[in-house]
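The sequence shown begins at 82 in the numbering used here and counts up by one. Just so it is clear, CB atoms sit at the ideal spot from N, CA and C, and this is done for glycine as well. None of these values were measured; they are calculated from a predicted model.
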Amino acid sequence: MLTESITIPQTDLRKLLSAASPDGALLYLYLHSGNRPEDAQQELKLSPSRYQCAAATLRQLGLWTEKAPAPILAGERPSYSEGDVLQAMDQDSSFRALYGEVQRLLGRSLNTEELKILLGFVRYLGLTPDVISVLVCYCKERARQKGSLRNPSLRTIEKEAYAWAERGIDTVEEAAAFIQNQNVRNSRLHRLMEQLQIRGRSLTPAEERYAQSWLDMGMDDECIAMAYERTCLNTGGLNWAYMNKILLRWQEQGLLTAEAVRSGDRKAVPKGASGNLGDAELEAIQRILREG
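Shown next as structure tokens:
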């Protein structure tokens, strides 16, 4: 086993810590030390299931691109007939079992059009019944988190199924790793909304794009809170575009923690200066924002 010295990028380190996967971190170190993926399971003494979960975690974190999913285009989707559904129900016991499980999860009967969608999950996307069950449960939970009292439609679940296929999520291990990472992101997003004093409502699509891009920068929560405070001090409130410029500038400078920002500020402020914006500068900023 090779044990070359490695340097872990800060963004990778944050992803590994947020995933809370010891096996995933171990596999990451093994691979980045120059070892071969095909030897990992034996040399790290991982069971097949533990290895698959570790590999899935790294893939979902974007830290290992060993498995490249084939793109699935909407124009290539097959069209299934009522006869196809009847034949599957009559001859495929696993599809009948899946049909019953999905009905149980959604709490209602599926009509023929919905069964055609379900058949596409199996025949076209190649998803196993176990993965489809996890997919339905994930969509139900996501609808609940958004405040919906109704279970999602098969059309809504279909959109997510194709998104999973594009990501290469076709095993229970891949699905579990993806859901865990999504839960971590949602948790951080909720903390971010608290920091921005946003309560009692959801983010608009534009706001969510800003927020998700900030989380992808790999900055810690205190760093984002500092950007929010400076935005409020300089503009009188939350200005998404202004705050985004602050965070982009810090990212370009490699300032991803609050301590790094404070250290950078100390180096940038001339000796004897207060570091605060003067009245003229604040007035200029306000004028630019009004005109923009």
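Taking Cβ positions, are M307 and A339 nearer each other than 9 Å? Residue mapping note: residue 307 aligns to position 226 of the sequence shown, counting from 1. Residue mapping note: residue 339 aligns to position 258 of the sequence shown, counting from 1. Yes.
Buried/exposed call for M82, threshold 16 Cβ in 10 Å: Counting from one through the sequence shown, the residue named residue 82 turns up at place 1. An exposed status is given to M82, since fewer than 16 other beta-carbon atoms sit within 10 Å of its beta-carbon.
Quick check: K221 and L273, are their CB atoms within less than 9 Å of each other? Sequence index remark: in the sequence shown, residue 221 carries index 140 (1-based). Sequence index remark: in the sequence shown, residue 273 carries index 192 (1-based). No; because the gap between Cβ atoms is not below 9 Å, this pair is not in contact.
Taking the alpha carbon of D93 as the reference point, which residue from S130, R330, S344 and G143 has its own alpha carbon closest? Counted from its first residue, the sequence shown places residue 93 at position 12. D93 has its Cα closest to that of G143, out of S130, R330, S344 and G143.
Collapsed DSSP secondary structure at T88 in the structure displayed: Here residue 88 refers to the residue found at position 7 when the sequence shown is read from its first residue. Collapsing the DSSP output to three states places T88 in coil.
CA-to-CA distance, G201 to P159, given in whole angstroms: Working through the sequence shown from its first residue, we reach residue 159 at position 78. Working through the sequence shown from its first residue, we reach residue 201 at position 120. As the crow flies, the alpha-carbon of P159 is around 8 Å from that of G201.
Mind checking R27: buried by the 16 CB within 10 Å criterion, or exposed? One cannot answer for residue 27 here, as it falls past the ends of the chain, which runs 82 to 373.
Chain-order list of residues whose beta-carbon lies under 6 Å from that of E250 (same chain, five-residue window excluded): Locating residue 250 in the sequence shown gives position 169, where the first residue counts as 1. The question names Glu, but residue 250 in the sequence shown is Ile. Same-chain partners within the cutoff: A256 and F259.
When D302, A341, N116 and R177 are compared against Q276, the one with the closest alpha-carbon: For this step, residue 276 is matched to residue 195 along the sequence shown. When each option's Cα is compared against that of Q276, the closest is D302.
Can you check whether the CB of V253 is closer than 9 Å to the CB of V215? As a working note, residue 215 is residue 134 in the sequence shown. As a working note, residue 253 is residue 172 in the sequence shown. Cβ atoms of V215 and V253: closer than 9 Å.
If I follow the unbroken alpha helix (DSSP H) through Y461, where does it start and stop? There is simply no residue 461 to check, as the chain begins at 82 and stops at 373 in what is shown.
Do L319 and E289 have their CB atoms nearer than 9 Å? Numbered from its first residue, the sequence shown carries residue 319 at position 238. Numbered from its first residue, the sequence shown carries residue 289 at position 208. In this structure, L319 lies away from E289, with their beta-carbon atoms at least 9 Å apart.
Unbroken alpha helix (DSSP H) runs of length 4 or more, entirely within the stretch 269-317: which are they? As far as the stretch 269-317 is concerned, its whole alpha helix (DSSP H) runs of at least 4 residues are 286-297 and 302-316.
Starting from N192 and walking both ways along the alpha helix (DSSP H), at which residues does that stretch end? Stepping through the sequence shown from its first residue, residue 192 is reached at position 111. Counting along the chain, N192 falls outside any alpha helix (DSSP H), and DSSP gives it neither H nor E.
Residue from M300, T312, T84 and R236 with nearest C-alpha to Q332: Stepping through the sequence shown from its first residue, residue 332 is reached at position 251. Checked all of M300, T312, T84 and R236; the closest Cα to Q332 is M300.
For K227, which residues in the same chain have their Cβ closer than 8 Å to its Cβ, ignoring the five residues on either side in sequence? In the sequence shown, the residue the question calls residue 227 occupies position 146. Same-chain partners within the cutoff: S283.
Can at least three beta-carbon pairs, one atom from the stretch 161-170 and one from the stretch 131-140, be found at a separation below 8 Å? Contact between the stretch 161-170 and the stretch 131-140 is not established, with fewer than three Cβ pairs separated by less than 8 Å.
How would you write the range of the alpha helix (DSSP H) that T237 sits in, first residue to last? Here residue 237 refers to the residue found at position 156 of the sequence shown. According to the DSSP assignment, T237 belongs to the alpha helix (DSSP H) that extends over L235 to R248.
Return the Cβ separation of L108 and L125 in integer angstroms, given the expectation that the two are a contact with Cβ distance under 8 Å. As a position in the sequence shown, residue 108 is number 27, starting the count at 1. As a position in the sequence shown, residue 125 is number 44, starting the count at 1. Confirmed, Cβ separation roughly 7 Å.
Run of the alpha helix (DSSP H) containing P132, from where it starts to where it stops: Residue mapping note: residue 132 aligns to position 51 of the sequence shown, counting from 1. Rather than Pro, the amino acid found at residue 132 in this sequence is Tyr. From DSSP, the alpha helix (DSSP H) with Y132 extends over P129 to Q141.
To the nearest angstrom, how far is the alpha carbon of D104 from that of G115? Taking the first residue of the sequence shown as position 1, residue 104 is located at position 23. Taking the first residue of the sequence shown as position 1, residue 115 is located at position 34. Separation of D104 and G115 (C-alpha to C-alpha, rounded to the nearest whole angstrom) is 17 Å.
On a Cα-Cα basis, can you pick out the residue from L191, R189 and D211 that is closest to S175? In the sequence shown, counting from the first residue as 1, residue 175 sits at position 94. Ranked by how close their Cα comes to the Cα of S175, the residues L191, R189 and D211 have D211 in first place.
Three-state secondary structure (DSSP) of N320: Looking up residue 320 in the sequence shown gives position 239. In the three-state reduction of the DSSP assignment, N320 falls in the coil class, being assigned neither a helical nor a strand state.
Given a cut-off of 9 Å, decide if I213 and L199 are closer than it, judged by their beta-carbon atoms. Working through the sequence shown from its first residue, we reach residue 199 at position 118. Working through the sequence shown from its first residue, we reach residue 213 at position 132. A contact, by the Cβ cut-off of 9 Å.
Identify which residue in R330, Y291, A322 and E194 has its Cα closest to the Cα of V166. In the sequence shown, counting from the first residue as 1, residue 166 sits at position 85. The shortest CA-to-CA distance from V166 to any of R330, Y291, A322 and E194 is the one to E194.
Within this structure, are the beta carbons of W295 and L328 separated by less than 9 Å? Here the question's residue 295 lines up with position 214 in the sequence shown. Here the question's residue 328 lines up with position 247 in the sequence shown. Yes, they are a contact pair.
So, helix, strand or coil for D173, using DSSP? In the sequence shown, residue 173 corresponds to position 92, counting from 1. Residue state, collapsed to three classes: coil.
Option nearest E239 by Cα separation, candidates W321, Y219 and N315: Along the sequence shown, one-based indexing puts residue 239 at 158. When only C-alpha atoms are compared, the closest one is Y219.
Neighbourhood of R343 by C-beta, 7 Å cutoff - its chain only, sequence neighbours within 5 removed: Working through the sequence shown from its first residue, we reach residue 343 at position 262. Sequence-distant partners of R343 (beyond 5 residues in either direction) whose C-beta falls short of 7 Å from its own C-beta are missing from its chain.
Are the Cβ atoms of A242 and L191 separated by less than 9 Å? By one-based count along the sequence shown, residue 242 stands at place 161. By one-based count along the sequence shown, residue 191 stands at place 110. Against a cut-off of 9 Å, the Cβ pair of L191 and A242 comes out as no contact.
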